[in-house]
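See below for the structure under consideration.
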């Protein structure tokens, strides 16, 4: 009887041990799978964002071909696996003078919205990264100051509806010049920018112009006003943007 009882105890112990080891293995696999999946997903999203950022750099260069080198049109390829590419909130640039002269345009920025909420923006020759309420300029426009000030205006306008992606998709961004314009102002002149990225514009313009600008007290949305001097050239190119 004693021998039989010992054998039964060992059987129960072996079964319990197997269950515990199996549970540990399953739990370990689950933790590794969840953690590894999240890490892989994060790495994939970061790579996609970086790829789209490089595509925006190419877009910026292609639009420079239109604005600076006189090309009539350019096409930029953007490869997306997630997120959406479309047009963002309008931005207004207004050049005004002491003698009531003015030149005002409104542009529709091109915006890539990642699934996690981060964004890339092309707006009037400037490239921005947006994280929540913070906008960071990583590609500068061509505003220049000196004996005379140049204010280039790249006025992008939607020529197609916004496109959302569903799985991997190859998008073509076609940019065509609709018209060009040049104006010169020879009296005291101000530049006003109304933008969701006003704080980033303020930082850039203050650094480029070497002047204090009036901008939003907090946050990034609002109006920025900067003094430009009394010899200002405005060079505007109006660009139709089609997504296909």
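Residue numbers (the numbering used here): -14 to 229.
We treat Cβ as the ideally placed atom computed from N, Cα and C, and that holds for glycine.
All values reported here derive from a predicted model rather than from experimental measurement.
Pick from the options: whose alpha carbon is nearest that of residue i?
i           : options            : result
residue 134 : 163, 125, 168      : 168
residue 186 : 172, 220, 108, 131 : 108
residue 97  : 63, 81, 214, 55    : 63
residue 66  : 49, 178, 100       : 100
residue 43  : 190, 192, 124      : 124
residue 136 : 69, 146, 212       : 212
residue 177 : 5, 36, 76, 8       : 76
residue 166 : 179, 172, 146, 90  : 90
residue 138 : 92, 113, 180, 171  : 92
residue 87  : 171, 105, 192, 199 : 171
residue 39  : 9, 106, 8          : 106
residue 45  : 113, 6, 201, 5     : 113
Report back the beta-carbon spacing between residue i and residue j to the nearest angstrom; my notes put them in contact at under 8 Å.
i           : j           : result
residue 72  : residue 120 : Actually they are not in contact, since the Cβ atoms of residue 72 and residue 120 sit about 17 Å apart, beyond 8 Å.
residue 47  : residue 61  : 5 Å
residue 209 : residue 183 : 5 Å
residue 140 : residue 222 : 7 Å
So what's residue i in DSSP terms, helix, strand or just coil?
i           : result
residue 179 : strand
residue 58  : strand
residue 108 : strand
residue 199 : strand
residue 132 : coil
residue 22  : Any answer about residue 22 is weak, because its pLDDT of 47 lies below 50 and its placement is not dependable; what the coordinates show is given next. Correct three-state label for residue 22: helix.
residue 89  : strand
residue 101 : coil
residue 209 : strand
residue 193 : helix
residue 173 : coil
residue 53  : coil
residue 66  : coil
residue 159 : strand
residue 127 : coil
Within the continuous beta strand (DSSP E) that includes residue i, where are the two ends?
i           : result
residue 221 : 217 to 228
residue 120 : 119 to 124
residue 146 : No beta strand (DSSP E) holds residue 146; DSSP gives it neither H nor E.
residue 84  : Segment: none, residue 84 is in no beta strand (DSSP E) and carries neither H nor E.
residue 71  : 69 to 72
Under 8 Å, with one C-beta from each stretch per pair, do the stretch 209 to 226 and the stretch 154 to 161 reach the 3-pair mark? Taking a cut-off of 8 Å on C-beta distances, the stretch 209 to 226 touches the stretch 154 to 161, as three or more cross pairs fall below it.
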